[in-house]
Amino acid sequence: MSSGVQLSKNGAFYGTGANIDVRTVGFRPRRVELFNEDGLAKAVWTDDMANAAGLKQVTAGTMSKMTAGITPLSDGFRLGTDADMNVSGEKVYWVAHE
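Numbering (my numbering), first residue to last: 70 to 167.
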């Protein structure tokens with residue numbers, strides 16, 4: 070039986086422009102939120118979305134679907150090559166929820 074307690078974990082990484090695997094979460098997330106501090110963009114993925122998907126919002130306020138976005142892994146998640154969220158050298162904060 071579930072305890073009703075939702076696990077969350079957070080961290081940060083720097084974008085590379087290539088796929089990034091974040092494997093320090095310790096569980097398969099049901100929701101991932103990303104915040105690109107330098108690029109001023111945010112994204113969210115939930116477990117009812119496809120792999121490599123997500124919704125992102127950029128500084129101008131435009132919201133769009135991601136096609137190189139977030140994929141859950143057994144112990145974390147992968148961020149694909151999305152040009153707004155995964156920019157080389159830009160700091161990205163993340164929150165993962167079980």
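Don't be surprised by glycine CBs; every beta carbon is placed ideally from N, CA and C.
Could you name the residues that DSSP lists as bridge partners for residue 96?
Taking the first residue of the sequence shown as position 1, residue 96 is located at position 27. In the DSSP output, where bridge partners are listed per residue, residue 96 has none listed.
Does the segment 118-129 come close enough to the segment 80-97 that 3 or more CB-CB pairs lie under 8 Å?
With a cut-off of 8 Å, the segment 118-129 and the segment 80-97 do not count as touching, because too few Cβ pairs lie within range.
Which residues bound the beta strand (DSSP E) around residue 80?
Position 11 of the sequence shown, counting from 1, holds the residue named residue 80. Counting along the chain, the beta strand (DSSP E) containing residue 80 begins and ends at 77-83.
Which residues in the same chain have their Cβ closer than 7 Å to the Cβ of residue 164, if we skip the five residues on either side of it in sequence?
For the purposes of this step, residue 164 is taken as residue 95 along the sequence shown, with counting starting at 1. Counting only Cβ-Cβ distances below 7 Å, and skipping sequence neighbours, we find 77, 79 and 102.
If I'm right that residue 145 touches residue 121 with Cβ under 8 Å, what's the distance once you round it to whole angstroms?
For the purposes of this step, residue 145 is identified with residue 76 of the sequence shown, where counting begins at 1. For the purposes of this step, residue 121 is identified with residue 52 of the sequence shown, where counting begins at 1. With 8 Å as the limit, residue 145 and residue 121 do not qualify as a contact, their Cβ atoms being about 15 Å apart.
Between residue 107 and residue 84, what straight-line distance do the alpha-carbon atoms span, to the nearest angstrom?
Along the sequence shown, read from residue 1 onward, the residue named residue 107 stands at position 38. Along the sequence shown, read from residue 1 onward, the residue named residue 84 stands at position 15. Cα-Cα distance, rounded: 10 Å.
Consult DSSP for residue 118 and reduce its assignment to one of helix, strand or coil.
Taking the sequence shown and counting its residues from 1, the one referred to as residue 118 is at position 49. In the structure shown, residue 118 sits in coil (DSSP, three-state: anything other than H, G, I, E or B).
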